[in-house]
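There are 2 protein chains.
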Amino acid sequence: MANALPAIETLSSSDALNGRIVEFPVDRPLITDGGGCVTPLTIAYQTYGELNAERSNAILLCHALTGDQHAANMHPLTGKPGWWDVMVGPGKPFDTERFFIVCSNVVGGCLGTSGPSSINPATGQAYGLGFPVVTIRDMVRAQAMLIDHLGVDQLFCVAGGSMGGMQVLQWAASYPERVFSAMPIATAPKHSSQNIAFHEVGRQAVMADPDWRGGRYLEFGVRPEKGLAVARMAAHITYLSEPALQRKFGRKLQDRAAPTFSFDADFQIENYLRYQGMAFVDRFDANSYLYVTRACDYFDLAADYGGSLAQAFKGAKTRYCVVSFNSDWLYPTSASRAIVHALNASGASVSFVEIDSDKGHDAFLVYEPDFIATTRGFLEAAATARGLPRASETRAK
Amino acid sequence: MANALPAIETLSSSDALNGRIVEFPVDRPLITDGGGCVTPLTIAYQTYGELNAERSNAILLCHALTGDQHAANMHPLTGKPGWWDVMVGPGKPFDTERFFIVCSNVVGGCLGTSGPSSINPATGQAYGLGFPVVTIRDMVRAQAMLIDHLGVDQLFCVAGGSMGGMQVLQWAASYPERVFSAMPIATAPKHSSQNIAFHEVGRQAVMADPDWRGGRYLEFGVRPEKGLAVARMAAHITYLSEPALQRKFGRKLQDRAAPTFSFDADFQIENYLRYQGMAFVDRFDANSYLYVTRACDYFDLAADYGGSLAQAFKGAKTRYCVVSFNSDWLYPTSASRAIVHALNASGASVSFVEIDSDKGHDAFLVYEPDFIATTRGFLEAAATARGLPRASETRAK
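Sequence order for the protein chains is A and B. Its first residue numbered 1, the first sequence is counted upward by one per residue in this note's numbering. Its first residue numbered 1001, the second sequence is counted upward by one per residue in this note's numbering.
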């Protein structure tokens, strides 16, 4: 628990690329599930809003596979709005006028938090594959160290979609007393065989690129861009629903009236995927892609509790709102139902909403009025239960 | 029409790898939809059973994306049974004691029929990307030349699954009087946006491999094996249903009791996919993979008939049996229904069966009793209508 920890000096700083940075002293390493040790552990994060005097209004947002800490500010690399800009801000569901919102880059990531592109102090070179393989639990352990550092004992809410949702579930299981409410969104309690299969294709695409150089590409001043782009293209298909692809692209040709009978990007969908692949390599590290996909693949929350998912949540007072999207085939509603069944079996307080959307898995990242209303309603009720001022009261101040 | 063609001398031969081979004289080229010209056109094929005196018992089997002419004999490269061994043979639905069965390697393929790995007579080198991009209609045009060569005017049946099913539809549209009955199986009347997307990922994986060398790898004595393996892995996921993957592999570990916290193939599904990728590169040419995927992407039968699929089939007397599998998410039942609706609108004789199977798209290649019974029943009725002897009569001979 946070309040049991002795005050230990950490290095804090900030920069334009990574936002705020905390570096834990070498005697506070992250010991990973695989027996690895990351020290010094660095965590890059952003905060929005103010922590109240009671320290009771903190929300942790957990990002998805290739997300980062820039949830609600302009992304320093792409110049685009943060990944949850539709959800986080003044008057938005994650209301920065009411809540103190924290979002940190996961361990294994590549935007300031320790990961394979960080310098290994033992060698003076980037870790590469020398970085320990991490799990979702390791990500959450590191986040807990950050939350301690921020002086927050109990989080008002932990929320996130996809891999972020896995972290939400892990938070609730690992630190039940520190999570007042939880929103696992478009996620699953374990990675399925098909989920692992798609991730493995992505990893093989990266590792097939000769510029990957056994993971030591940074030492050689190269990057496996082509392999990483292919990995992203394959993954991107799984983020979109078939009907949305059909509606958006169908068989429309790209800037031409007839097929060229060549291997050019005749179809808009080809052009779109190629763009997605190319844009991705500008903002993401190839080794980090291996690490974050691996963390998802290893995720099987029930396995840590004797095979019983309900056992993972047993006895906790956390309030849950589980959200799925009916066109999400990556983490389909059936996976969310499995979470809900386990929560019901554990006696937890849980509401479950399946949002009607044709946007597929990525629906949680885009403007979906029903999802926004659901989130707003859940947080409002939880805030009341937690004794936080109502939204109108906050705004009147 | 076959009987309108003058007798032209062609070169026939056979070898262990390719089976029978016919080389058309240079003055009988294949002119492709894209305006290309393949000459001499070589077609490699296999036959099973005997053509009857009336020449009325010929069945053309059309293979899928990476299939070949070896439908019912041991594959010369893999040593495994032919790809439709469960369906073709004495007493099997495609009964080699009753029917004269022909299966040819598609144009653009790599097992004896003209394709990008064939020698371009103009250069003395492999065509590479100099081979014309072909369409499903080009494949069917070449097959029609073969069927002419074999002296068959009307095929008793044209059957095939997946890309083979597209050829079946194209045969029925292009040569309605030459197709007495048709079985398009697990297929679609056009490639969807998602279909194109997966194919584009595969092509990009091949082309990202530096050993692809702009398609000229054969000249350099190398092959883009890693890229092609990644392409196959991605495609292979689409051939299997999520429930089948879960049943067969789930999260089972490969020859180990615990995860290794590494990027080894910890999970059986990873090991399986890697094997599929490696095995594929031993039997398939990377450029051919580009060509056959492109042919599928260009397939949109209705587009050739003013956007009306029914128009493609109008006025024909062909009898149809359309088959889909309920767990096939690559070419789902909805795609088969679109075919059936068009056939109904065109006034065709059509039966439609959705087979209950959890095996996904590849169900048409494996032992599925309901599918076998459906095929047997359809062919028996068609044989009666065609005036062919009953199965029992054939066997009594």
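All C-beta atoms, glycine included, are put in the ideal place defined by N, C-alpha and C.
- Arg28/A carries a coil assignment under DSSP once its states are collapsed to helix, strand and coil.
- Nearest in C-alpha terms to Phe1249/B, of all of Asn1271/B, Thr1260/B, Tyr1239/B and Gly1315/B, is Asn1271/B.
- For Gln311/A, the nearest beta carbon of chain B is not closer than 7 Å to its own beta carbon.
- Fully contained in the region 159-192 of chain A are the following alpha helix (DSSP H) runs of length 4 or more, in chain order: 163-174.
- Remark: C-beta atoms of Gln1167/B and Met1139/B approach each other more closely than 7 Å.
- Contact fails between the region 183-195 of chain A and the region 204-221 of chain A, because fewer than three Cβ pairs, one in each stretch, are under 8 Å apart.
- CA-CA distance, Leu129/A to Gln1254/B, rounds to 21 Å.
- Contacts with chain B at 7 Å (Cβ-Cβ) do not include Leu228/A.
- With contacts defined by Cβ atoms closer than 7 Å, Ala1310/B and Ala1342/B form a contacting pair.
- About 6 Å separates the beta carbon of Gly227/A from that of Ala208/A, a gap short enough to meet the 8 Å contact definition.
- For the pair Val1281/B and Ala1231/B, the CB atoms are not nearer than the 7 Å cut-off.
- Cβ contact annotation for Val1179/B (same chain, cutoff 7 Å, sequence separation greater than five): Leu1155, Val1158, Trp1171, Ala1172 and Thr1318, in chain order.
- Taken through DSSP and simplified to helix, strand or coil, Gln46/A comes out as strand.
- For Ser117/A, the closest of Ser327/A, Val38/A, Ile147/A and Ser241/A by C-alpha to C-alpha distance is Val38/A.
- DSSP links Tyr320/A through a beta bridge to Ala182/A and Val350/A.
- For Phe371/A, no chain B residue has a C-beta closer than 8 Å to its own C-beta; the minimum C-beta separation is roughly 23 Å.
- Straight across, the Cα-Cα distance linking Val1133/B with Arg294/A is about 39 Å.
- Considering only beta carbons, the part of the region 1251-1273 of chain B lying closer than 9 Å to chain A consists of Arg1251, Lys1252, Pro1259, Thr1260, Phe1261, Ser1262, Phe1263, Ala1265, Asp1266, Phe1267, Gln1268, Ile1269, Glu1270, Tyr1272 and Leu1273, in chain order.
- For Gly1164/B, the closest alpha carbon among the candidates Ser1174/B, Ile1185/B, Ser1181/B and Glu1177/B is that of Ile1185/B.
- Within chain B, Arg1251 have C-beta atoms less than 8 Å from the C-beta of Lys190/A, given in sequence order.
- Apart from the 5 residues on each side of it in sequence, Gly1019/B sits with its Cβ closer than 8 Å to the Cβ of Ala1044, Tyr1045, Gln1046, Gln1069, His1070, Asn1073 and Gly1112 in its chain, given in chain order.
- Within chain A, Phe263 and Glu270 have C-beta atoms less than 9 Å from the C-beta of Arg1203/B, given in sequence order.
- Judged by DSSP secondary structure, Leu1309/B falls within the alpha helix (DSSP H) whose first and last residues are Leu1309 to Phe1313.
- When C-alpha distances from Gln143/A are compared across Thr32/A, Asp362/A, Val340/A and Asp370/A, the shortest belongs to Thr32/A.
- Taking every protein chain shown into account, the CB of Val1106/B has 16 or more other CB atoms within 10 angstroms, so this residue is buried.
- The DSSP-derived three-state label of Ala58/A is strand.
- Under a criterion of Cβ atoms nearer than 9 Å, no residue of chain A is adjacent to Gln1154/B; the nearest Cβ is some 31 Å distant.
- Selection Ser13/A, Thr42/A and Gly35/A evaluated against Val26/A yields Thr42/A as nearest (Cα-Cα).
- Inclusion of Phe325/A and Ala363/A in the CB contact set at 7 Å is warranted, their separation being smaller than that value.
- Per DSSP, the beta-bridge partners of Ala1126/B are Ile1119/B.
- Taking a Cβ-Cβ threshold of 7 Å, none of the residues of chain B is close to Leu301/A; the smallest such distance is about 12 Å.
- By the criterion of a C-beta distance shorter than 7 Å, Glu1050/B is surrounded in its chain by Phe1100, once the five residues flanking it on both sides are discounted.
- Nearest CB-CB separation between Tyr331/A and chain B: not below the 7 Å threshold.
- Under the three-state reduction of DSSP output, Gly1250/B falls in the coil class, being neither helix nor strand.
- Residue contact check for Tyr291/A against chain B: no CB pair falls below 7 Å.
- Contact of Phe1325/B with chain A by beta-carbon distance below 8 Å is absent, the smallest such distance being about 17 Å.
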